[in-house]
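Position in the sequence shown counted from 1, then plus 1, gives you the working numbering. Worksheet: the structure to be examined is printed underneath.
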Amino acid sequence: MSDQAKRDFPAGFYWGAATASYQVEGGIDDCDWAEAARQGRVPVCGRACDHYNRYEADFDLAVELGHTAHRFSIEWARIEPEEGQFDKETIDHYRKVLQALKDRNIKPFVTIWHFTLPVWFSETGGFERLDSPEIFARYSQYVVRELGDLCDHFSTMNEPNVFASNGWLRGSWPPFKRFALTDLVSITNSGNNFEDKADKGMKNVFMYSRVLKNLAKSHNSAYKAIKDVSPETEVSVVKHVIVFDSNWNPFNKVKAAIANYAWTSIFMNRTYKCCDSIGLNYYFYTKFGDKRVWRKTDMDWNFAPDHIYEALLMLSRYKVPLFVSEAGLADADDSGRAEYITRQIEGVKRAIADGIDVRGHLYWSLMDNYEWALGFGKQFGLIKVHYDDNLRREIRPSAFVYKDLIEQYSKVNTSV
Ligand code: BGC
C-alpha cells in the first residue's frame, strides 16, 4: 500500500492558521477603515495586536503549535500609499515577514487584498470604478514581482461577496451603502449597529452588482498580470461559501438552490478559469424549513462545523485543488473551540475520503484580533490577546487540541 493510501490527509497537507493585515498589524492610518473609524462609523483599530512588530514571536508560537503553514495578507494602503507609487520600505518589511516564516519552515499563503482599501482608491469610487480591474492588476503584479521569490502562493482577494454585501447592501462596512430589503435574507452578523447611519437607496443594489462584476474582472486581470511576470506562481481566490440547505419542502429546495447560486456560483463561474486553486472560507450553514434550535457561537452563528463538507463539495465542481483558507469560531471562554475544530477537521477528512482534492486547513485565526465593525470583543484566536496587558499572548487550551490533531493526522496510519 502506498504511503498516500495509508493517510487520512495527503502527505504534505498544510496545517496552520490565518490572519489579515488590518485586523492584527496595527498602525494602519491611510485606509478606508481607518478613515471610517475617524468618522466614528466603525470601531478604532489602533495598534490592533501590534503584529507588525511582533510577527517573529507570533510565528514562534505557531511553530510551538505544530503549524506548517500560515495565511496572512499584505496591506495595500501601506504598499501603494499614493496611486501608482509603491513603498519600498513596506516591501522590505513583508520580505522580512516571509523570511521569518521560511526560517521556521512554515509555508506562506499570501492574500494580496483583504477588505481594506487605500484612501486614494476608496475616495475615488474603489471597486465601483470601471478601471478598478487595471488598478488592482497593477498592484497585484507589483507585489508578486517583489515578493514572488519568497512565496509561491498568492490569493488575489478575500471574500468578494462579503466585501460587496456588507458595503453595498447591509451598509455596515465602508462605503456604507445600504439596500434595506436585504434585511429579509440577512443572516450574517457584521456590526448592524452602524447600519442606520448608512446611505440608503435602491441604486445601491445596482452598485452592488457592478462591484461584484468588477471584483471578478479584477481577479481575472490580476491572475493574468501575475502570470505575465511569474508563470509558476500559484494564484487562487478566497471564496466565502455559505451552505444553504433545505428540508423536504420543494419551495425551500428552490430557495436554497437560488441562494447558493447567488452567493457562490455567480462569482465562481466568472473566475474559476483563472484559479489554480480555490481557498474556502467557511462559517455558515443554514437550512430553510429547519425548526432546530441551534447552539450558537459568540457571533450568534450556528455551531455547524461538520457542514464544511458540503462547502468543499460545492467548490469541488470547479475541478481545481482546494484549501481551507479560513474556518473557525468566536469563543471567548474557549469552551467550544476544541470540539468545533475537531468536527471541522472530520468534515474535511470526509471530503478527502470522497475524492475531493483538499491541500490544507488554516484555522481562523491564529490570534484574537479586530473583528471589523464589531471591534475587539469577538475572540477567534487560538492565541488569546490580552488587550489590557500590553497585548500579552496566551495560548488557549484548544490550540493544543488542534496541535494533537495535526500530529495525529501527519503520521502514517498503519492500522489501515
Ligand atoms: C473574514 C475575516 C473575519 C472572519 C470572521 C471572514 O469573513 O475573512 O476577516 O474576521 O471571517 O468574521
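All C-beta atoms, glycine included, are put in the ideal place defined by N, C-alpha and C.
Grab the span of the alpha helix (DSSP H) containing H308 for me, first residue to last. Taken as a continuous stretch (DSSP letters only), H308 belongs to no alpha helix (DSSP H), as it is neither H nor E.
If you follow the alpha helix (DSSP H) that P161 is part of, which residue opens it and which one closes it? P161 to W169
Unbroken stretches of the alpha helix (DSSP H), 4 residues or longer, contained in the stretch 187-249: 204-230, all fully within the stretch 187-249.
Are there three or more Cβ pairs, one per stretch, closer than 8 Å when the stretch 119-130 is compared with the stretch 211-229? yes
If you run the structure through DSSP and keep just helix, strand and coil, what is G17? strand
CB V239 to CB N370, shorter than 9 Å? No. Outside cutoff.
Sub-9 Å separation of D59 and I384 beta-carbons: yes
Using only the heavy atoms of the ligand BGC, determine whether one of them is closer than 8 Å to the beta carbon of F381. yes
Euclidean distance between Cα positions of A38 and W114: Cα-Cα distance, rounded: 20 Å.
Euclidean distance between Cα positions of Q5 and R360: Only weak support is given to the placement of Q5: the predicted model assigns it a pLDDT of 48, under 50, and the value that follows is read from those uncertain coordinates. Answer to the nearest angstrom: the Cα atoms are 13 Å apart.
Simplified DSSP state of G67, which is helix, strand or coil: coil
Just the Cα atoms here: how many angstroms apart are V244 and F285? 6 Å
So the candidates are G47, H52 and C275; which of them puts its Cα closest to the Cα of D31? Nearest option by C-alpha distance: G47.
Opening and closing residue of the beta strand (DSSP E) in which K108 lies: Looking at the DSSP string, the run of the beta strand (DSSP E) that includes K108 is K108 to W114.
Closest Cα partner of R338 within the set E76, M269, Y403 and Y15: For R338, the nearest C-alpha among the options comes from Y403.
Among the residues of its own chain, which have a CB less than 6 Å from the CB of A21, if the five just before and after it don't count? Within the same chain, S74 and H115 come within 6 Å of A21 by CB-CB distance, once the 5 residues on both sides are set aside.
Given Q142, which residues of its chain have a CB within under 8 Å of its CB, disregarding the five upstream and five downstream residues? Result list for Q142: A223, A226, I227, D229 and V230, in chain order.
Check whether the Cβ of A21 lies closer than 8 Å to any heavy atom of the ligand BGC, and answer yes or no. When distances are taken from the beta-carbon of A21 to the heavy atoms of the ligand BGC, the shortest one is below 8 Å.
According to the Cβ coordinates, are C152 and P82 closer than 9 Å? no
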